[in-house]
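Below is one structure, written out as C-alpha cells; comments come after it.
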Amino acid sequence: MGAVQIQAQDIHVGNIVWLRENDEVPCDLVLIGTSDTQGLCYVETAALDGETDLKTRVIPSACMGMDFELLHKIKGVIECPNPDKDIRRFDANLRLFPPFIDNDLCPLTIKNTLLQSCYLRNTEWACGVAVYTGNETKLGMSRGIPEPKLTAMDAMIDKLTGAIFVFQIVVVMVLGIAGNVWKDTEARKQWYVLYPIEGPWYELLVIPLRFELLCSIMIPISIKVSLDLVKSLYAKFIDWDSEMIDQDTGIPSHATNTAISEDLGQVEYILTDKTGTLTENRMIFRRCCISGIFYGNESGDALKDVKLLNAVAGSSPDVVRFLTVMAICNTVIPIKSKTGAILYKAQSQDEDALVNAAARLHMVYVNKNANILEIRFNGSVIQYEVLETLEFTSDRKRMSVVVKDCQNGKIVLLSKGADEAILPYAYAGQQTRALVEAVEQYAQLGLRTLCLAWRELKEDEYQEWSLMFKEASSTLVDREWRIAEVCQRLEHDFEVLGVTAIEDRLQDGVPETIETLRKAGINFWMLTGDKQNTAIQIALSCNFISPEPKGQLLLIDGKTEGEVCRSLERVLLTMRITSSEPKDVAFVVDGWALEIALKHYRKAFTELAILSRTAICCRVTPSQKAQLVELLKSCDYRTLAIGDGGNDVRMIQQADIGVGISGREGLQAARAADYSIGKFRFLKRLILVHGRYSYNRTAFLSQYSFYKSLVICFIQIFFSFISGVSGTSLFNSVSLMAYNVFYTSVPVLVSVLDKDLSEGTVMQHPQILVYCQAGRLLNPSTFAGWFGRSLFHAIVVFVITIHAYAFEKSEMEELSMVALSGCIWLQAFVVALETNSFTILQHLAIWGNLVAFYVINWVFSAIPSSGMYTIMFRLCRQPSYWITMFLIVAAGMGPVLALKYFRYTYRPSKINALQQAERMGGPILSLGNIEPQPRLMEKEVSPLSITQPKNRNPVYEPLLSDSPNSTRRSFGSGAPFDFFQSQSRLSSSYSRNCKDN
Amino acid sequence: MTDTDRVRHRDTKTAFYLFTQQKLPACKPVLTPAWVITIFLFTGFIFIPLGLVTLRASRSVIEIVERYDTECVPEPFRIDKVSYIQDDSIPKNCSLFLKVHKYMKAPIYIYYQLDNYYQNHRRYVKSRSDQQLLNGQKYQATSSCQPVEFNNARPIVPCGLIAWSLFNDTFTFIRERAELKVNRKNIAWKSDRDHKFGKNVYPSNFQNGTLIGGGKLNPRIPLSDQEDLIVWMRTSALPSFRKLYGRIEEDLDADDVVLVQLMNNYNTYSFGGKKKLVLSTSSWLGGKNDFFGLACVFVGSSSLILAIVFMLLHLKFQR
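Sequences listed follow chains F and S, in order. Going by my numbering, the first sequence opens with residue 42, and the numbers climb by one from there. Going by my numbering, the second sequence opens with residue 2, and the numbers climb by one from there.
Printed below as a string of C-alpha cells:
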C-alpha cells in the first residue's frame, strides 16, 4: 500500500490515515475510503461503548466510488463541531475541492466515522481523515481520571498511625527533657560516665534524638509489608474461589485491584446497573399478539405455538406482514458463515431476538447487499430495496425503515417501537384496545414489548418527504431534533400489526442475592438507562422493592425546576414524618428530574439519599451515575458500583469499589473495575465471605502489628528509667530487627487463614456484616484495648525480668534475652488466643515460630564473635529462665484470657453468639435487631400505583446516553412526543393521595 | 466435561486446593466454661507448688550482706567523703567483722554489690572495643572508646570507660587469725576468657594519664587472665548489681566471725552510690531471690481465685 507506519502521537488533524484489517483506530477519523465496493466497513466498538457486535460504517456519499489512487489526492474541507464526549453523535459536513466536482455539502454523521480505540474488522483496509486526535477524541473526552482508591480501613490505620506518632513525639519530648535534667543533675556526679563539663548547645538535642531512635520502632514499618502481603493473598483467594467461577463460560472471578478487599466488607450502598447486571441481557422472543390474536400464551413460547405455526404455513397476510417487519425493520447485518448458516450481527439484543425469531418462523433474512435486502419466506425469495432508515433515538422511541418491494414497486414504511410511540399514531378507526391489553398483559409478566406497524406510502409522498429528510440530515445545528421532526411527518397513520414480547430473564440468584445483602444492611440503588416502568418491573421481580402493601414507591418527577422542587419536597416530607413503620420505601427518579435535583436542590436530594434505603434512578446517563456515586461518597458512605457495560465505567471508577460483570456487553466494565465477576449472584460471596474475612483479618493484623511494636517499645521506655534516662537500648539491634521482621510477623501472617465464622453461618446470618460496616473491629476504642494490652504486657515482662534477674544475674545480654524471650512467648499466646480457627498452617507458624526463635538464637550464641556468644545456651540451662518464662506467660495471658472469656460468655457480641451456636451445635439464639440505625420508613402516602396502564410497558430501548437537553428540545417542538404525560398523571394522582391524607 | 470433573475431583484432595478455597481442616476451640475454669485451676495447681519449691530453694541460701561504704570512711572525713577517697596520701584500709548466723557450705561466693551505679548508661555501655580486647593494639579503630581512647597520643589498652572505671576495692578474709583461702580464679565466664579477651593482649598505657579512674592492671598479665576486669566488663543492666569477687572454699560455721580487711579505694561517694560486701551460698536456682517464689504463689493463687469466681458465675448464670 505504500503507507508509512507512524506513531499515533504524530498524527495531526487533517492527515489521512490508512488502516488494515484488525488495526486499532488511533484517533477519530472521518471515513473516506474502504476496500469494500459499497463503501462499507465494519468496526468493533467494544472498547468504546461495551457493545460487542460489529457495527457498519459507511463512507460519505461524496467519496463514494473513489478508487485507491484518487484517495491519495483527495482535498476538501470538513466542518466539524468542537470536541465533545458524545460517542453517538457527530454532526459535520464535508465539501470536496475540485477536481472532485461534487460541490454540494455532504452531511457527515457518526456512521461516517471511525472512533479511536475501535477495531477494524472484516474489511481489508480503510482510510480516513483525522478530525480529533489525542485527548480530544470522543474517547479521550469521556475518559474520567480514575483516582487511586484507599480503603476506609487504610484511612483508619493511617489515623491510628498518626495518633501513635503524636504519642511517640510526646514520649520523646518528655524523655528527652527528663534525660537532659538527669544528665545535668545526676550524671555530672557520675565520674565514670565522664561527661564533658561544658558541651555545645546542640548536646541538648542528643538525648531526645536517641529516644527518637529508640521509639522509632513504635510505628511498625512491617505493617505496610504485612498488609500488602495479606491483601494480595485476599485477592488471590478471590481469584481462586471455585464457587465464583462462571459455570457457563468458565471465567473465574478476578480481583484487579488487590488493595481494597477490606472495603468489600464495609459496603453500605450498592449501586447497580440493570441490563446485563441484574438481567442476563439475553433477549428471547416469547410471545406475540397479531391482529388481536395472542400467541404463545399457553406454552409460554410463541415459536412453539401450533396456532402461529399454522398461520405461518397458511401464509395468513397479517402474520406475513408482521413477520416481514420483524425480519427487516432493523439494522441487523446477516453474515453467511462458511458452513452456510446465517449469523446475525445486531446492534441491540432485541433486534437480534426478533430477527432470529422471524427466521425460526420461516421468514429468513438472508442477505443484505448494499440497499437490497433479501428475505426468504416459505421457499420464495423476496427482495426489498431500503430507501431510508429512520434510526432509533430514545426520544422518538421507535425506528422505521422505508423499503421498496422489488416485485411490485410498492413503497412501504415499516416501524417498530414503544407502544406509546406507535399506538397513538394508528390510523383513525383502528381498534387498538386488544393491543393495549396485550401490552399491559405482557408488561405485567415483565416482558419487554414492542409494537410493530406498517404503512404503504405513495410515490410522491415519499419523494417529497425524502427531500426534506436529506435537508434535515445535513443541518449542522440541532440535527437530531430536525430529523426527528421530519420523521414525525412520515410516521403516522400506522396500521398497527401487533405486539411482540421479549423476555430478558433475571440472572440466576439475583433476588436471593439482593435479599441477603439487604438483610446485611446494604442499601441498593438501581441506576439504569432504561425507562421507568421496566426498571420498576425488574426491581419488583428481584426483591429490590417489595410489592404494594409492604413496599411503597415515591416518585420524583417534573420537567421544570419548580415541579421537581415540589415533588422532591413532598417525597422528603413523607420520608421524614414516617419513622419506624416496617415498610420498604423507595424513591424513583428519572434522569431529567435528577439533573435538576442535583443542580439546584443538591442538599434536599442528599438528605433524601440518606433517608432512603432504596432508590431507582431510571434514564440516567453515565455521568449522572457517576454523580450519584459521588453524592453518596460525599455523605461518607462506602459505595460499591456494579455494572457490565461501557456506560457503567465511570460509575465503577468513581465508586469506592467498582465491580464489573464480564457479561455480554463486553469486558470494558470488567476491565475498569476493581473486581470482575461472572454473575451478579457472586456479589453475595464477594461481600459476605471475602469482604468480611478480609476486614476481620486486616483488623486483627494491623492492630496486632501495633501491639507488638508497642510492647517492645514500652519495655525500652521502662528500661530507660533504670538506665539513667540516657537512651540505652536494652535489646541489641539484631534482635530488634528480627523481632519486627521475623519473630512477630510470621505468625500473624497466617491469620489470613483465620475464620471467625464459617461461610455457611455468615450466609445465613448476613446481619453480622454490620460489625464490619460500622467498623467495630478496628476503631479507636478497639485500638485502645490493644494499646492497653501492650502496656500491660510490657509491664509484666519488664517487672518480672528485672526482679527475676536481679543482682548477680543482671548481666546486660542475658537480661535482654530474657525480656525478648518473654515477649516472644507472649506474642505466640496472644496470636493463639486471637485465632478463631486453627489450621495446620497456623499451628506451624505460631509454635514453629517459637521454636525458630530458639534455634536462631542458639545459632547466634554459637558464633564467638557475636555479642550474645553463649548467652542462649547459658539461659536455657538455667531453671530460673524457664520459670521466668512460665511466670510471664501466666501473668500476661491470665487476665487477657479471663477478660476475653468473661466478655465471650456474659457480654457476647452477635459474632460470639453465632460462634457458640456454630461450634457447640446448639440452637442459634435470637440475634435480635442488630441493624443499628433503622432507616426512616414510609407511612401515609398511598403507594405510587405501579399498575398504571400507560406505564407498564418495558420497551425496546438500547441504553442511550440521552441528555436531558435533547429531551427538552423534543418537548419544545410541541410535537406529540408525550411520553412524559403518563408520568405527570402519576404525579397528579400522587398529590391527590397527599391531600386525601 | 468428564475430564474437568476428574481434574476437579483430584484437585479437591490436594492440600493446596483446600488452601486456595480457604477450606483447610481447622479446629475451632471454644472458650467454654469447662475449658477456661480447667485452665485456671491447672495454672493454680502448677504455680502454687512451684512457688513453694522455689521459695524453699531461695530460703535455703544463706547470705551475709554488709554495707561498708560509710563505715570505712574514718569519722573525721565523713563530712567530705569525696575528698577523702580522692586523696591518695590517706591510707584506705578498713576492717569489717562479719558474723555468720548459720552454717554456710562451701563454695561461698563473695560478691561486691554496687547500688545506684549506672553501668547501663548509654555513654558507658558503648565505651569499649571488643576487637581491641581480643586483638590488642593491632586493632586501631577504637573510636567507640571515647573519651578514654588515647593517652599521650598512644592507644590505651584496654580502652573505654568501662575498663577505665574498673572496681578496685580488695578484700581479704580472716577467720580466727587464719586467712581464709579465697579462690579468685574462674570467676569470669570461660567463654569470655577464651574468646573475648586476648591471650596475648597486655594492658598498656592504662591509667597513665591525668585522669585516673578506677583500678590499675598488671601490665605483665594478659587480658584473658585479668578476671576482675572480665567480670567488670560484663556490664549490668540494672543500677544495683553484684559482681563475683571470688569463692571461699571452706565451710563457715554458725557464729563464726570473719574479719574482712579491705582497701576502700573505689569512689562511689561522689554520686552517693552504696558499696556492699556479700557472702552467699547458692542453690539450684542461683542466689537468694524470693521473687520467684512469691510471684509464682501470687499468680497461682490468683488463678485459683479466678477459677472459683468463674465457677460461681457459671453456676449462677447457667443457661
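We put the beta carbon where it would ideally sit given N, CA and C, even for glycine. For clarity, every value in this text was computed on a predicted model and none was experimentally measured.
Mind checking the segment 915-937 of chain F against chain S and listing, in chain order, the residues whose C-beta falls within less than 7 angstroms of any C-beta there? PRO920, SER921, ILE924, LEU928, ALA931, ALA932, GLY935
Just to check my reading of the structure: ALA1116/F and ILE897/F have Cβ atoms closer than 8 angstroms, yes? What is that Cβ distance to the nearest angstrom? In the structure displayed, chain F extends from 42 to 1038; residue 1116/F sits before or after that span and is not available.
Interface flag, ARG7/S vs chain F, CB-CB below 8 angstroms: Note that ARG7/S scores 48 on pLDDT, short of 50, meaning its location in the model is unreliable; the coordinates nonetheless yield the value given after this. Chain F contact via Cβ: absent.
When every heavy atom of the ligand COA is checked, does at least one fall within less than 7 angstroms of the C-beta of VAL838/F? Absent from the structure shown: the ligand COA. Ligands present: none.
According to DSSP, simplified to helix, strand and coil, what is PHE894/F? helix
CA-CA distance, ILE987/F and ASP685/F? Confidence is the limiting factor: at ILE987/F the pLDDT is only 35, short of 50, which leaves the residue's position unreliable and the question unanswerable from this model.
List, in order along the chain, the chain S residues whose C-beta lies closer than 9 angstroms to that of ASP282/F? THR21, GLN22, GLN23
Does THR143/S have its Cβ less than 8 angstroms from a Cβ in chain F? no
Within this structure, are the beta carbons of ARG248/S and ASN152/S separated by less than 8 angstroms? no
Three-state secondary structure assigned by DSSP to THR473/F: coil
Using beta-carbon positions only, say whether ARG123/S and ARG251/F come within less than 8 angstroms of one another. yes
ASN94/S and ASP170/S: beta carbons closer than 8 angstroms? no
Secondary structure, beta strand (DSSP E): runs of 3+ residues fully inside the segment 640-712 of chain F: 655-659, 680-684, 698-702
Looking at the secondary structure, which residues open and close the beta strand (DSSP E) in which ASP195/F lies? Segment 193-223 is the alpha helix (DSSP H) holding ASP195/F; no beta strand (DSSP E) there.
In the DSSP assignment, find the beta strand (DSSP E) that holds GLU415/F and state where it starts and stops. 413-418
How is the alpha helix (DSSP H) around SER267/F delimited, first residue to last? 263-281
Since THR911/F and SER192/S are thought to touch, with beta carbons under 8 angstroms apart, how far apart are those beta carbons, to the nearest angstrom? 4 angstroms
Limits of the alpha helix (DSSP H) - the one that PHE311/S falls within: 292-317
ASP1003/F at chain S interface by Cβ criterion, 8 angstroms: Residue placement at ASP1003/F is flagged as unreliable, the pLDDT there being 32, under the threshold of 50; the coordinate-derived value follows with that caveat. So, not an interface residue.
Chain S contact residues for MET214/F, given Cβ-Cβ distances below 8 angstroms: Those within 8 angstroms of MET214/F in chain S number zero; the least Cβ separation is about 18 angstroms.
If we call anything under 8 angstroms between Cβ atoms a contact, is LEU72/F one with THR97/F? no
8 angstroms Cβ cutoff, GLY826/F in contact with chain S: no
Taking DSSP as the reference, what is the three-state secondary structure of TYR734/F? helix
Per DSSP, what kind of secondary structure is CYS864/F in: helix, strand or coil? helix
By DSSP, does ASP70/S sit in helix, in strand, or in coil? coil
Can you tell me whether ASN994/F is buried or exposed? The criterion is at least 16 other CB atoms within 10 Å of its CB, across all chains shown. Since pLDDT at ASN994/F reaches only 33, below the 50 mark, its modelled position is unreliable, and the value read off the structure follows with that caveat. Classification for ASN994/F: buried.
ASP715/F: buried (16+ other C-beta within 10 angstroms of its C-beta) or exposed? buried
I'd like to know if CYS297/S contacts chain F, where contact means its C-beta is closer than 8 angstroms to some C-beta of that chain. yes
Between which two residues does the beta strand (DSSP E) carrying GLN593/F extend? 592-597
What does the Cβ neighbour count give for GLY301/S, buried or exposed, with the cut at 16 atoms within 10 Å? buried
One question on the structure: do TYR270/S and VAL234/F come within less than 8 angstroms of each other, judged by their Cβ atoms? no
Give me the Cα-Cα distance between LEU486/F and MET285/F, rounded to the nearest whole angstrom. 30 angstroms
So, using beta-carbon positions, are GLY74/F and ILE52/F closer together than 8 angstroms? no
What separation, rounded to the nearest whole angstrom, lies between the Cα atoms of ALA219/F and THR769/F? 14 angstroms
Could you tell me the distance, in whole angstroms, from the CA atom of PRO905/F to the CA atom of LYS197/S? 8 angstroms
Considering only C-alpha positions, which residue in the set TYR118/S, LEU32/S, SER205/S is nearest to GLN138/S? SER205/S
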